[in-house]
Amino acid sequence: MKPHTFLAIGDTVIDAFIKLKIAEIQQDSSGGHKTLCMPFGEKLPFEEAVEVCGVGNSANAAVSAARLGLNSSLLTCLGKDDNGKKCLDTLTGDSVDISEIQSFDGKHTNYHYVLWYEHERTILIKHEEFNYHIPTSYPEYLYLSSLGENSLTYHEQLSTYLRTHPETKLVFQPGTFQIKFGTDALKEIYERSLVFFCNKEEAIHILKLDENKEHSMKELLLGLRALGPKLPVITDGPNGAYTFDTDIRIVDTAVFDQGSPIIHMPIYPDIKEPLERTGAGDAFASTFTTALALERSIEEAMMWGSINSMSVCQEIGAQKGLLTADKIEEYIKQAPENWKSEII
Numbered sequence: 064m065k066p067h068t069f070l071a072i073g074d075t076v077i078d079a080f081i082k083l084k085i086a087e088i089q090q091d092s093s094g095g096h097k098t099l100c101m102p103f104g105e106k107l108p109f110e111e112a113v114e115v116c117g118v119g120n121s122a123n124a125a126v127s128a129a130r131l132g133l134n135s136s137l138l139t140c141l142g143k144d145d146n147g148k149k150c151l152d153t154l155t156g157d158s159v160d161i162s163e164i165q166s167f168d169g170k171h172t173n174y175h176y177v178l179w180y181e182h183e184r185t186i187l188i189k190h191e192e193f194n195y196h197i198p199t200s201y202p203e204y205l206y207l208s209s210l211g212e213n214s215l216t217y218h219e220q221l222s223t224y225l226r227t228h229p230e231t232k233l234v235f236q237p238g239t240f241q242i243k244f245g246t247d248a249l250k251e252i253y254e255r256s257l258v259f260f261c262n263k264e265e266a267i268h269i270l271k272l273d274e275n276k277e278h279s280m281k282e283l284l285l286g287l288r289a290l291g292p293k294l295p296v297i298t299d300g301p302n303g304a305y306t307f308d309t310d311i312r313i314v315d316t317a318v319f320d321q322g323s324p325i326i327h328m329p330i331y332p333d334i335k336e337p338l339e340r341t342g343a344g345d346a347f348a349s350t351f352t353t354a355l356a357l358e359r360s361i362e363e364a365m366m367w368g369s370i371n372s373m374s375v376c377q378e379i380g381a382q383k384g385l386l387t388a389d390k391i392e393e394y395i396k397q398a399p400e401n402w403k404s405e406i407i
């Protein structure tokens, strides 16, 4: 078979966005945890509902890579139902290769509800249990992300596959259940990862650190590196993204310690008020990965990721705002002078 440059693996869903009209956000006394609150037992008006098909961390990554010019494919499972057909139509419309997608009789395509309030969202999730297959292709980059709570055995099978394909570069952006599995259960996946993505809160959770204490980016990056990933990358919402300042060509042999420099990339200034932030992390991670596949530097990859992340927040859903490489380069040329990376 023709090798795919980029193969994403993970659950695909339909997101039904429900823009809330009557709600409020409550924050605990420490100023940390926030709760979305609505009147209980009442009929509540909402502003609008929008259905977005063929999304999910890995589907978003596959679409992102395709729009940026890679030979991109998605390995996922769908129900053989109307929702599954909608997802296939969406993916093929974005030139994503669907030859690794399987559709199953008697199964429902994953359908999630997104409670959209102000610029943020709370997602109600339910993952159908599917029997995933091992890739029949041999990608240059394998991008692994969100899978359901019954997928632990499949991760073990993937580890075996990766051992027999040492040339494949593994990129790992763990989803909710993969983080819950813990680093011991996914030890080989962590150790095999070339690039690893998570946000700051997830890094603290993965490393089993005290969530009530402040942790430096250097501490978190070194902690993740100790688990095996060669290049951990941490996003921190409006504070931007962080990773080690190195050359991706030598990252396998690089040694990082407390004195190692870290590159920080601030967020690209919003071109207008964000609409909602679903998929911003996926856009950053997949665009960063694609830039590396296109032999860009880590600094350029950070810039590309920041711009695509900003763009996604200007539209409803995780894919509509994804850009082409030419458009990203336009944004770089138009960037304000104070938007630049720094070494810390």
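Residues in the sequence shown are numbered consecutively from 64, following our numbering.
Virtual Cβ for every residue (Gly too), placed ideally from N, Cα, C.
- Taking Asn-123 as reference, the option from Gln-165, Lys-170, Gly-342 and Ile-407 with the minimal CA-CA separation is Gly-342.
- Residue pairing by DSSP places Pro-295 opposite Phe-259 in a beta bridge.
- Gly-117 sits in a strand when the DSSP states are folded into three classes.
- Thr-68 has no beta-bridge partner at all, per DSSP.
- Apart from sequence neighbours up to five positions away, the residues of its chain that approach Glu-212 with a beta-carbon distance below 8 Å are His-190, Phe-240 and Lys-243, ordered along the chain.
- Counting only unbroken stretches of 4 or more residues, the alpha helix (DSSP H) elements lying wholly within the region 231-282 are 239-244, 250-255 and 263-269, in sequence order.
- Going by beta carbons, Leu-290 and Thr-353 fall outside the 8 Å limit.
- Taking the CA atoms as reference points, Glu-254 sits about 44 Å from Glu-111.
- Here the alpha carbons of Leu-107 and Asn-173 stand approximately 25 Å from one another.
- Distance from the CA atom of Asn-275 to the CA atom of Leu-284, rounded to whole angstroms, is 18 Å.
- Restricting attention to Ile-313, Met-280 and Gln-236, the CA atom closest to the CA of Asp-299 is found in Met-280.
- Contact check for Gly-119 against Gly-73 passes: the beta carbons are separated by less than 8 Å.
- With distances taken between CA atoms, Val-159 lies nearest to Ser-121 out of Gln-377, Ser-121, Asn-371 and Thr-185.
- Annotation: Ala-348 to Glu-378 spans about 18 Å, alpha carbon to alpha carbon.
- Fully enclosed beta strand (DSSP E) runs of no fewer than 3 residues occupy 294-298, 304-307 and 325-328 of the region 281-361, in order along the chain.
- By the criterion of a C-beta distance shorter than 7 Å, Pro-198 is surrounded in its chain by Leu-70, Leu-138, Glu-163 and Tyr-224, once the five residues flanking it on both sides are discounted.
- Taking C-beta separations shorter than 6 Å and ignoring five residues to either side along the sequence, the partners of Asp-168 in its chain run Lys-143, following chain order.
- Rounded to the nearest whole angstrom, the C-alpha separation of Ala-388 and Arg-130 is 8 Å.
- Straight-line spacing of the CA atoms in Arg-340 and His-182 works out to 6 Å.
- By DSSP's assignment, Arg-184 forms a beta bridge with Trp-179.
- An exposed status is given to Phe-109, since fewer than 16 other beta-carbon atoms sit within 10 Å of its beta-carbon.
- Between Met-373 and Ile-330, the beta carbon gap of about 6 Å places them in contact (Cβ cut-off 8 Å).
- Non-local C-beta neighbours of Phe-319 in its own chain, meaning closer than 7 Å and more than five positions away in sequence, comprise Leu-285, Arg-288 and Phe-307, ordered along the chain.
- By the Cβ neighbour-count rule, Cys-116 is buried, with 16 or more other Cβ atoms within 10 Å of its own.
- In this structure, Ile-361 keeps its C-beta atom at 8 Å or more from the C-beta atom of Ile-391.
- A direct Cα-to-Cα measurement between Thr-216 and Ile-188 gives close to 21 Å.
- Measuring C-alpha to C-alpha distances from Ala-304 to each of Lys-148, Asp-273 and Phe-260 identifies Phe-260 as the nearest.
- If one requires a minimum length of 4 residues, the alpha helix (DSSP H) runs lying completely within the region 72-136 are 120-130, in chain order.
- The Cβ atoms of Leu-385 and Ala-346 sit closer than 8 Å to each other.
- DSSP, reduced to helix, strand and coil, places Asn-173 within a strand of the structure shown.
- The shortest C-alpha to C-alpha distance from Pro-229 to any of Asp-310, Tyr-201, Gly-238 and Glu-105 is the one to Tyr-201.
- Taking 8 Å as the cut-off, the Cβ atoms of Val-234 and Phe-80 do not count as close.
- Distances from the alpha-carbon of His-268 to those of Ile-297, Gly-344, Glu-358 and Glu-203 put Ile-297 closest.
- The C-alpha of Glu-336 lies about 9 Å from the C-alpha of Cys-376.
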